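Residue numbers (the numbering used here): 31 to 199.
Written out as structure tokens, the structure reads:
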């Protein structure tokens, strides 16, 4: 059996991993053909059979321009320092640009809450404050269509000091 089968995360592990994190690397196709990679705080929608990664960003940003020309993108979340601790999730999907002010504000608040910031009641935020917060921003939503995951903690011997030696032998 290929080793990638040993380290692949289950659907439940993927959902838990997404809930634990707060920063995702978004990669879009840049104007000169090179990948354009940026780190983004994200909000998360988890339903029974649907995962949506969301973040707010300036409407004039390069990532938005890229997604408008070509919505295909890749998302990456990775953690770990030692080889035996490496975990990651790569997701492919298409970005949807949403211009709704309330949705954008909710996403901004939700993404900030994932970093430990206080979570205000979005419905109580006055309209003029929402405009100041998000008037120049849009919401990017990605429903991943493909997942590639790894958790090196699942490798035999990964919890021992000799894990690296065993992994490369």
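Ideal placement from N, C-alpha and C gives every residue a C-beta, glycine not left out.
As the structure is a computational prediction, the values presented were derived from the model and not from experiment.
If you ignore the 5 residues before and after residue 75, its C-beta comes within less than 6 Å of the C-beta of 82, all in its own chain and listed in chain order. Contact between residue 118 and residue 180 holds: their C-beta atoms lie close to 5 Å from each other, under 8 Å. Using a 10 angstroms sphere on the CB of residue 40, the tally of other CB atoms stays under 16, which defines it as exposed.
In terms of Cα proximity to residue 62, the closest of 138, 143, 114, 96 is 96. The segment 88-103 makes no contact with the segment 138-152; the number of CB pairs closer than 8 Å stays below 3. Excluding five sequence positions before and after residue 107, the CB atoms of its chain that fall closer than 6 Å to its own CB belong to 51, 54, 119, given in chain order. For the options 178, 183, 184, 182, the alpha carbon positioned closest to that of residue 105 is the one of 178. For residue 167, the closest C-alpha among the options 155, 135, 80, 42 is that of 135. DSSP places residue 87 in the uninterrupted beta strand (DSSP E) bounded by 81-88. If you draw a 10 Å sphere on the C-beta of residue 34, you find fewer than 16 other C-beta atoms in it, and that means exposed. Annotated three-state conformation of residue 171 is strand, per DSSP.
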